[in-house]
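Participant: Numbering follows this note's numbering, in which position 3 of the sequence shown is assigned residue number 10; successive positions increment by one, without gaps.
Built from N, CA and C at the ideal position, the CB exists for glycine as well.
What you are looking at is a predicted structure, and each value in this text was computed from that prediction instead of being measured.
Take a look at this one; I'll ask things after.
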Amino acid sequence: MASPTRQLSFDHAATNQKVVALTFDADMTFKMFNELKSGKIASWYNQRVIATLREEHVPATLFLAGLWIERYPAVTQDLSADPLFEIGNHSYSHPGFRSPCYGLGSVQKSNQAAEVQKADALLKKYATSYQNYFRFPGLCFGAGDVETIEAQGYTVIGGDVYGGDGFEKSPAKIVSNVLTHVRPGSIVILHMHGGPNAPETANALPNVISKLRLRGYTFVKVSDLLSISRSKD
């Protein structure tokens, strides 16, 4: 994912400080949206994840897909008004910007900007505030895709620690994935839509938090890590 000349996405901060940013993606494809509409899936909002973050006073950066915002406008407003959280853009319908991408449908190059703009319009409508941060669905992208996103005034955010909570049935495995790879300045990628697509995130999260704290880590937002990086430039 890196070019020889520069990092395509911001994946971690170069620092010796024991700080870590937990990030949570709220995915929503048209398939997921229809499963909700038909009643096949009860909810694509994992409220227990947010409740745990609030109970533990852990700041986090949340990347919301536009279709998710359309389904949960009041939740979007509530989360964006909470100083504990900052909100980013996760595209409108969660397609792969590069194919193949974990079974996701792909978006044509000519429609990439619209995927960002449609989600941006929903953030403007429902979010109290949000950051111009974009995370690619499935982290499937190339240099040309980054240029498209940056042309919309967005900074591309990746991560260096994959929680691996997508479709994972073992909370212990998710905790292990995080603890094995975390380092000072890490960005941890997890999910907040729950359901069958991310069934154990809420069960893993208390252990992720407590074990990182035992290692001396403090939780920050992605914006804090960006500030650390910019202060070194």
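Rounded to whole angstroms, what's the CA-CA distance from residue 239 to residue 50? Just pull it up for me.
Facilitator: As a first step, residue 239 is located in the sequence shown; it is residue number 232 there, counting from the start. As a first step, residue 50 is located in the sequence shown; it is residue number 43 there, counting from the start. Spanning the two alpha carbons is a distance of roughly 42 Å.
Participant: Within the continuous alpha helix (DSSP H) that includes residue 49, where are the two ends?
Facilitator: Numbered from 1 along the sequence shown, position 42 holds the residue referred to as residue 49. Residue 49 -> no alpha helix (DSSP H), and no H or E assigned at all.
Participant: Give the C-beta separation of residue 178 and residue 210 to the nearest angstrom, bearing in mind that I take them to be a contact with Cβ-Cβ under 8 Å.
Facilitator: Within the sequence shown, numbered from 1, the residue matching residue 178 stands at position 171. Within the sequence shown, numbered from 1, the residue matching residue 210 stands at position 203. Confirmed, Cβ separation roughly 4 Å.
Participant: In the DSSP assignment, what residue or residues form a beta bridge with residue 32?
Facilitator: Reading the sequence shown from its first residue, position 25 is the one you call residue 32. Looking at the DSSP assignment, residue 32 forms a beta bridge with 70, 198.
Participant: Give a yes or no on contact between the stretch 61 to 78 and the stretch 114 to 128, applying the rule of three or more CB pairs nearer than 8 Å.
Facilitator: In short, these stretches touch, since the Cβ pair count reaches three.
Participant: Quick check: residue 30 and residue 197, are their CB atoms within less than 8 Å of each other?
Facilitator: Translated into the one-based positions of the sequence shown, residue 30 becomes position 23. Translated into the one-based positions of the sequence shown, residue 197 becomes position 190. The answer is yes: Cβ separation under 8 Å.
Participant: Can at least three beta-carbon pairs, one atom from the stretch 131 to 146 and one from the stretch 92 to 103, be found at a separation below 8 Å?
Facilitator: With a cut-off of 8 Å, the stretch 92 to 103 and the stretch 131 to 146 count as touching, because enough Cβ pairs lie within range.
Participant: Report the three-state DSSP secondary structure of residue 93 (helix, strand or coil).
Facilitator: Position 86 of the sequence shown, counted from the first residue, corresponds to residue 93. The answer is strand: DSSP assigns residue 93 an E or B state.
Participant: Starting from residue 153, trace the alpha helix (DSSP H) both ways and give me its first and last residue.
Facilitator: To locate residue 153, count along the sequence shown from 1; it is residue 146. Looking at the DSSP string, the run of the alpha helix (DSSP H) that includes residue 153 is 150 to 157.
Participant: Look at the Cβ atom of residue 36, then the Cβ atom of residue 101, and state whether they are nearer than 8 Å.
Facilitator: Reading the sequence shown from its first residue, position 29 is the one you call residue 36. Reading the sequence shown from its first residue, position 94 is the one you call residue 101. Against a cut-off of 8 Å, the Cβ pair of residue 101 and residue 36 comes out as a contact.
Participant: Rounded to the nearest angstrom, what separates residue 105 and residue 149 at their Cα positions?
Facilitator: Taking the first residue of the sequence shown as position 1, residue 105 is located at position 98. Taking the first residue of the sequence shown as position 1, residue 149 is located at position 142. Going from the Cα of residue 105 to the Cα of residue 149 covers about 7 Å.
Participant: Tell me, to the nearest whole angstrom, how far the beta carbon of residue 17 is from that of residue 162; I am working on the premise that it is less than 8 Å.
Facilitator: Mapped onto the sequence shown, residue 17 falls at position 10. Mapped onto the sequence shown, residue 162 falls at position 155. About 6 Å separates the two Cβ atoms, so the contact holds.
Participant: Going by DSSP, name the residue or residues bridged to residue 193.
Facilitator: Taking the sequence shown and counting its residues from 1, one reaches residue 193 at position 186. 19, 27.
Participant: Just to confirm my understanding: we take residue 99, look at its own chain, exclude 5 residues before and 5 after, and list those with CB closer than 6 Å. What are they?
Facilitator: Residue numbering aside, residue 99 sits at position 92 when the sequence shown is read from its first letter. 73, 122, 125, 126.
Participant: By the DSSP assignment, the beta strand (DSSP E) with residue 227 in it spans what residues?
Facilitator: Stepping through the sequence shown from its first residue, residue 227 is reached at position 220. Taken as a continuous stretch (DSSP letters only), the beta strand (DSSP E) holding residue 227 covers 225 to 227.
Participant: Just reading off the alpha helix (DSSP H) that residue 179 is part of, what are its end residues?
Facilitator: For the purposes of this step, residue 179 is taken as the residue at position 172 of the sequence shown. 178 to 188 is the span of the alpha helix (DSSP H), which, as asked, contains residue 179.
Participant: Where are the beta strand (DSSP E) runs, 3 residues long or more, that stay fully inside the stretch 96 to 170, in chain order?
Facilitator: Runs of the beta strand (DSSP E) inside the stretch 96 to 170: none found.
Participant: Can you check whether the C-beta of residue 232 is within less than 8 Å of a C-beta belonging to chain C?
Facilitator: Among the chains in the structure shown there is no chain C, since it carries only a single protein chain.
Participant: Rounded C-beta distance between residue 56 and residue 212? I'm assuming under 8 Å.
Facilitator: As a first step, residue 56 must be located in the sequence shown, where it is residue number 49. As a first step, residue 212 must be located in the sequence shown, where it is residue number 205. About 6 Å separates the two Cβ atoms, so the contact holds.
Participant: Are residue 228 and residue 80 closer than 8 Å when you measure CB to CB?
Facilitator: As a first step, residue 228 must be located in the sequence shown, where it is residue number 221. As a first step, residue 80 must be located in the sequence shown, where it is residue number 73. Not a contact, by the Cβ cut-off of 8 Å.
Participant: By how many angstroms is the C-alpha of residue 46 removed from the C-alpha of residue 12?
Facilitator: Within the sequence shown, residue 12 is the residue found at index 5, counting from 1. Within the sequence shown, residue 46 is the residue found at index 39, counting from 1. In this predicted model, residue 12 has a pLDDT of only 43, less than 50, meaning its place in the structure is not dependable; the value taken from the coordinates is given anyway. The straight-line gap from Cα to Cα measures roughly 48 Å.
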